[in-house]
Each structure stands twice: as C-alpha cells, then as structure tokens.
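Protein chains in written order, with the numbering used here: chain A, 1 to 204; chain B, 1 to 46. Backbone N, C-alpha and C define an ideal beta-carbon position, used for all residues, glycine too. Quick caveat: nothing in here was measured; it's all calculated off a predicted structure. For reference, the structure discussed in these notes is given below.
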Amino acid sequence: MTIEVRPAAVDAEELRCLISDKYTEVAKTPEKGFHFHTGKPLAMMLSYPEESVDALPSGTVQSFAGTGNPFSMGDLHPGETVLDIGCGAGFDTLIAAGQVGTTGRVISVDMTPAMLEKASAGARDADLDNIEFREGLAEALPVEDESIDVAISNGVINLCPDKMAAMQEIHRVLKPGGRIQIGDIVVHKEVPEDAKADIDLWGD
Amino acid sequence: MLEHSGFTNVRWGNQIDVFSGSKHESSAAAFDTRGVTFMATKAGTT
C-alpha cells in the first residue's frame with residue numbers, strides 16, 4: 001500500500017512566521033503560559049530524570065517545550081555526532097552533549113533566533129563546548145550528507161508544513177546505520193482537510 | 001512516512017497526554033492528540 005504524505009495546504013512561510021513568533025515567546029517569557037506544557041513540570045511528565053533536569057541551567061529548563069523524551073529510547077554513546085533538529089532552548093541539546101562527552105559533538109538547528117540565543121547561553125552556562133548551533137529548517141538542514149550518528153528532535157516535525165521533506169532530509173544527513181530518536185505527536189482522530197489548511201490551528 | 005523516507009526497524013515508545021491541563025486550551029484535544037517517542041534506523045552499517 002502506498003501512503004502519500006503531501007505538504008500541508010498552508011502558506012509555508014506564513015506558518016513558519018507564526019510558529020517562530022510563538023516560540024520566541026516561549027524563549028523570552030516562558031512563564032506566560034501556552035496551549036502546551038513547558039519547563040520542569042513537562043520534563044517530569046515525560047520521565048526525564050529529575051537529577052538531569054536540575055543539573056541544567058534554569059533558563060534552559062524554563063523554556064523547554066517538547067512532546068516526548070528522545071532519550072527514553074536509549075542513551076546516546078560517547079563519541080557520537082548528534083543532530084538536534086529544532087533544538088529550541090537547548091534542553092535536549094545539553095543532555096545530548098553530556099551523554100556524547102568531549103569526544104562527541106552536537107549540531108543543533110533551529111529556525112527561531114531567540115531560541116538559538118537562549119540555547120547558546122545555556123551551553124555557555126553549562127560550560128559545554130562540544131555544541132555547534134546553526135540557524136535553519138528541518139526541511140533544508142544545514143548539515144553535510146551522511147555526517148550524523150543520531151538525530152534527535154522533540155515536538156518539531158508536527159510543525160513542519162512538509163513532513164516528508166523533513167524526514168528525507170534527516171535520512172540524507174544520517175550515516176548508514178544511523179538512527180533517529182524523536183519525540184512528537186500522533187492524532188487518534190482524523191484531522192479534516194479544512195482543519196489542516198487552517199493556519200491558526202497550527203499555532204493552537 | 002518513516003518507511004517511505006527510507007527508515008527501518010521502527011520502534012514506538014509510550015504515548016502520553018501532553019496537552020491536557022495546560023494553561024490555555026489547545027485544539028489538540030479535539031483530535032485526541034498524544035505525545036509519543038519513536039526510533040528508527042537508516043539502512044547500512046557505520
């Protein structure tokens with residue numbers, strides 16, 4: 001059976017602006033409250049070890065906004081090269097950087113400058129120098145072919161207007177035998193086409 | 001979508017209701033949305 005995953009019938013640039021504005025708020029005013037959980041309560045809901053969360057810079061934790069726990073599928077290994085797609089405030093990036101150690105590295109990509117600034121500040125606060133931040137999109141990753149051991153992401157693919165393009169990009173940058181460990185969302189009720197095309201619903 | 005992108009060995013973790021109880025009502029509830037974690041591999045050996 002062939003499954004066709006088409007790009008969403010929305011203006012991709014308009015959607016990216018809407019999402020970037022929303023996540024700029026999460027970066028700058030995480031206490032505001034959103035239609036999703038944030039911060040340490042969310043991390044606890046997703047079964048991150050409390051000691052790992054408490055070891056992170058407070059600003060990094062406050063702006064955490066994921067939908068799963070990529071590390072619940074297995075720890076990363078020392079020396080691995082990791083790609084964090086849509087790294088946000090760097091919550092998973094910093095955990096990954098600790099797991100791969102000084103012989104590994106993390107490349108973290110996000111499209112929202114305010115999030116990249118916050119993630120960079122968190123890496124400095126945590127004294128981690130094995131992280132490189134790059135601005136970019138999941139559908140056009142600024143990463144070399146077959147250069148990544150493991151790609152992680154958390155609550156990002158569902159926000160991509162062209163999910164198949166994002167997955168193909170991840171496949172492109174992974175080394176043969178590389179893996180993905182991704183937190184995202186699934187829906188159990190069919191989303192009508194008019195709802196998929198309603199750009200306001202993407203941000204709600 | 002994962003298989004069509006070239007991934008194999010797909011494994012799914014637990015699903016969690018990550019939207020209920022958030023400060024503002026989400027449209028996600030209307031579609032019975034759950035957070036989930038999964039993993040998969042790209043064919044080949046490193």
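Per DSSP, cross-strand counterpart(s) of residue i
i              : result
residue 84(A)  : 108(A), 152(A)
residue 180(A) : 151(A), 40(B)
residue 34(B)  : 186(A)
residue 8(B)   : 41(B)
residue 172(A) : Answer by DSSP bridge pairing: none, since residue 172(A) is not bridged.
residue 135(A) : 110(A)
residue 19(A)  : In the DSSP output, where bridge partners are listed per residue, residue 19(A) has none listed.
residue 140(A) : 137(A)
Option in the options with minimal Cα separation from residue i
i              : options                        : result
residue 61(A)  : 147(A), 118(A), 140(A), 165(A) : 118(A)
residue 124(A) : 49(A), 28(A), 56(A)            : 56(A)
residue 154(A) : 35(A), 32(A), 93(A)            : 93(A)
residue 83(A)  : 181(A), 8(A), 152(A)           : 152(A)
residue 90(A)  : 103(A), 126(A), 12(A), 104(A)  : 126(A)
residue 37(A)  : 116(A), 51(A), 68(A)           : 68(A)
Beta-carbon proximity of residue i to residue j, cut-off 9 angstroms
i              : j              : result
residue 156(A) : residue 132(A) : no
residue 145(A) : residue 81(A)  : no
residue 39(A)  : residue 122(A) : no
residue 1(B)   : residue 73(A)  : no
residue 182(A) : residue 70(A)  : yes
residue 170(A) : residue 95(A)  : no
residue 10(B)  : residue 34(B)  : no
residue 35(A)  : residue 32(B)  : no
Neighbourhood of residue i by C-beta, 7 angstroms cutoff - its chain only, sequence neighbours within 5 removed
i              : result
residue 36(B)  : 12, 13, 15
residue 179(A) : 150
residue 20(A)  : 111, 112
residue 76(A)  : 82, 96, 99, 100, 150
residue 33(A)  : none
residue 2(A)   : The predicted position of residue 2(A) is uncertain, since its pLDDT is 48 and thus under 50; no value can be drawn from it.
residue 28(A)  : 114
Cβ neighbours of residue i in the same chain (closer than 6 angstroms, five flanking residues each side left out)
i              : result
residue 128(A) : 97
residue 166(A) : 138, 139, 157, 160
residue 26(A)  : 63, 65
Contacts around residue i, its chain only, beta-carbon distance under 8 angstroms, and the 5 residues preceding and following it disregarded
i              : result
residue 6(B)   : 42, 43
residue 173(A) : 83, 141, 143, 144, 145, 146, 147, 148, 151
residue 20(B)  : 29
Is the stretch 153-167 of chain A close to the stretch 121-136 of chain A, with three or more CB pairs under 8 angstroms? no
Is there contact between the stretch 37-51 of chain A and the stretch 109-124 of chain A, where contact requires at least three CB pairs shorter than 8 angstroms? no
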